[in-house]
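Residue numbers (mature numbering (1 follows the signal peptide of the UniProt record, and there is no 0)): -18 to -1, 1 to 166.
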């Protein structure tokens, strides 16, 4: 908190002294820099490892490669993460805005046809199924769709679809963000 106060004082003094002599370009650059500093000050202790993105104290990995649902779940676990569970519309929209293609998320219905999150086996309290989904297509042939994919395509962006777990699509891993304060 003291660092934030000191930084604010320094920035106020510096901008007051320099404001009259700066070009619009320099003022714009200073505003950009100030915005970057303000962002860091919001929660400087929470970080994600390289290649992961931060949202609401969680880190997300958006894959470039394609895996089956089980391969994706296994990969996420090797990263001390899990296939993303989506808790609300804000998180669903944020994930959608970062997708690199259709992707696996952590919902599954292997247990008695009830959709749960693979991370903690809790039932879905939020969902964003595409109209007509989940439909468990071809369940009568023993090939039920037991895994959940999130769409990237514009006309269905962010909507969910049940799909055969053996399909290879991109995936999203999620983990709790690291806090440097936890290590003290």
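Glycine included, every Cβ here is placed at the ideal spot set by N, Cα and C.
If you're wondering where the values come from, they're calculated on a predicted model, not measured in any experiment.
Checklist entry - Between residue 165 and the rest of its own chain, which residues show a CB-CB distance below 7 Å, the 5 nearest in sequence each way excluded? => result The predicted model places residue 165 with a pLDDT of 43, which falls under 50 and marks its position as unreliable; any figure quoted below should be read in that light. Once the five neighbours on either side are set aside, residue 165 has no close Cβ partner at all.
Next on the checklist: If you reduce the DSSP assignment to three classes, tell me which class residue 58 lands in.
Outcome noted: helix
Checklist entry - Can you tell which of 53, 141, 103, 95 has its C-alpha closest to the C-alpha of residue 112? => result Among 53, 141, 103, 95, the Cα nearest to that of residue 112 is on 141.
Next on the checklist: Give me the DSSP bridge partner(s) of residue 39.
Outcome noted: According to DSSP, residue 39 bridges with nothing at all.
Item to check | Of the residues 46, 41, 110, the one placed nearest residue 75, counting alpha carbons only | outcome: The option with the nearest alpha carbon to residue 75 is 110.
Checklist entry - For residue 133, which residues of its own chain have a beta-carbon under 8 Å away from its beta-carbon, when the five flanking residues on both sides are left out? => result 84, 112, 139, 140, 141, 142, 143
Item to check | Where the beta strand (DSSP E) through residue 72 begins and ends | outcome: That residue, residue 72, is in no beta strand (DSSP E); its alpha helix (DSSP H) goes 71 to 80.
Checklist entry - If you draw a straight line from the C-alpha of residue 61 to the C-alpha of residue 99, how long is it? => result 18 Å
Checklist entry - Does the distance from the CB of residue 149 to the CB of residue 50 come in under 8 Å? => result Using a Cβ distance threshold of 8 Å, residue 149 and residue 50 count as a contacting pair.
Item to check | Residue range of the unbroken beta strand (DSSP E) whose run includes residue 89 | outcome: 85 to 90
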